[in-house]
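According to numbering that gives the first Met the number 0, the residues represented by the sequence shown are 0 to 179, in order.
Written out below as C-alpha cells is the structure these notes cover.
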Amino acid sequence: MDAVWLNRRRPEFRNRATHRVVVDIRHDQFRPGIVQMSRQGMARRTQPLRWEPSEEMAKDFRFKVYGLAPKSAADFAFLLHGFHFLAKDGTMAIILPHGVLFRGGAEKKIRTKLLKDGNIDTVIGLPAKLFYSTGIPVCILVLKKCKRTDDVLFINAAEHYQPGKRQNTLLQEHINKIVE
Numbered sequence: 000m001d002a003v004w005l006n007r008r009r010p011e012f013r014n015r016a017t018h019r020v021v022v023d024i025r026h027d028q029f030r031p032g033i034v035q036m037s038r039q040g041m042a043r044r045t046q047p048l049r050w051e052p053s054e055e056m057a058k059d060f061r062f063k064v065y066g067l068a069p070k071s072a073a074d075f076a077f078l079l080h081g082f083h084f085l086a087k088d089g090t091m092a093i094i095l096p097h098g099v100l101f102r103g104g105a106e107k108k109i110r111t112k113l114l115k116d117g118n119i120d121t122v123i124g125l126p127a128k129l130f131y132s133t134g135i136p137v138c139i140l141v142l143k144k145c146k147r148t149d150d151v152l153f154i155n156a157a158e159h160y161q162p163g164k165r166q167n168t169l170l171q172e173h174i175n176k177i178v179e
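Below you can see the structure in the form of C-alpha cells.
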C-alpha cells in the first residue's frame, strides 16, 4: 500500500469510522476470491487507482451479468463492485468522471444494461475543479436495485458552485438547490 495514498485519505477514513461505514483500503479489492463483504443498504467506497480485467474476472459474480469494464477506465468496474454488494432495497451514490455518461464500447453496454434493468435512479452533473486531484467535471450516479419505474432524474448542477482559484466549492446553498 502506498503511504502517500493512505495519508491523503486519513480524514475520509476518520469520517467513515464516525459514520460506522466499513473501510476496505486494499488495492487488490477486484481480485476474485478475496471479496468478503456483506450486503449493505448503503455503499460508499474509495475508487481504486488501477484495474486489470482478465478472462477469469469475466466469470466473477460481480461482473458476470454486466460485463467487464475496459482496462483504460475502471469506473464501471468500481461501480459494479459496489452495486453487487448493495442490499436489494439499498441505494448507492457514486461520484465518477462525466465520461461514464458518454463513453462507448464495453462501458456503453454496461450503462445500457443498468438503464434497461431500471437501476439508474438519478444522474447529477457537477462542476469541474471540485477535487484537488483533478480538474475534470464529475457526476453523481444514484443507483437502486429496487427501482420500480423507468424514469431517470437528471440534474444539471454544473453552474452551481463558488468559484475558486484552484478549486471550486459547493456551498450549502448550492447543495440545497441541487437537492430540492
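Glycine included, every Cβ here is placed at the ideal spot set by N, Cα and C.
This structure is a prediction, so every number in the text was calculated from the model and none was measured.
Unbroken alpha helix (DSSP H) stretches of 4 residues or longer found wholly inside the stretch 68-148: 74-83, 105-115, given in chain order. Q161 has T168 as its beta-bridge partners, per DSSP. A straight-line Cα-Cα distance of about 34 Å links L67 and T168.
By the C-beta density criterion, E172 is exposed, having fewer than 16 other C-beta atoms within 10 angstroms. With respect to the C-alpha of M91, the residue from Y65, H97, K143, C138 having the closest C-alpha is K143. Between C138 and V151, the CB-CB gap reaches or exceeds 8 Å.
Exclusion of the five residues before and after K146 leaves G117, N118, D120 as the residues of its chain whose Cβ lies within less than 7 Å of its Cβ. With a threshold of 16 other beta carbon atoms within 10 Å, Y131 falls short and is exposed.
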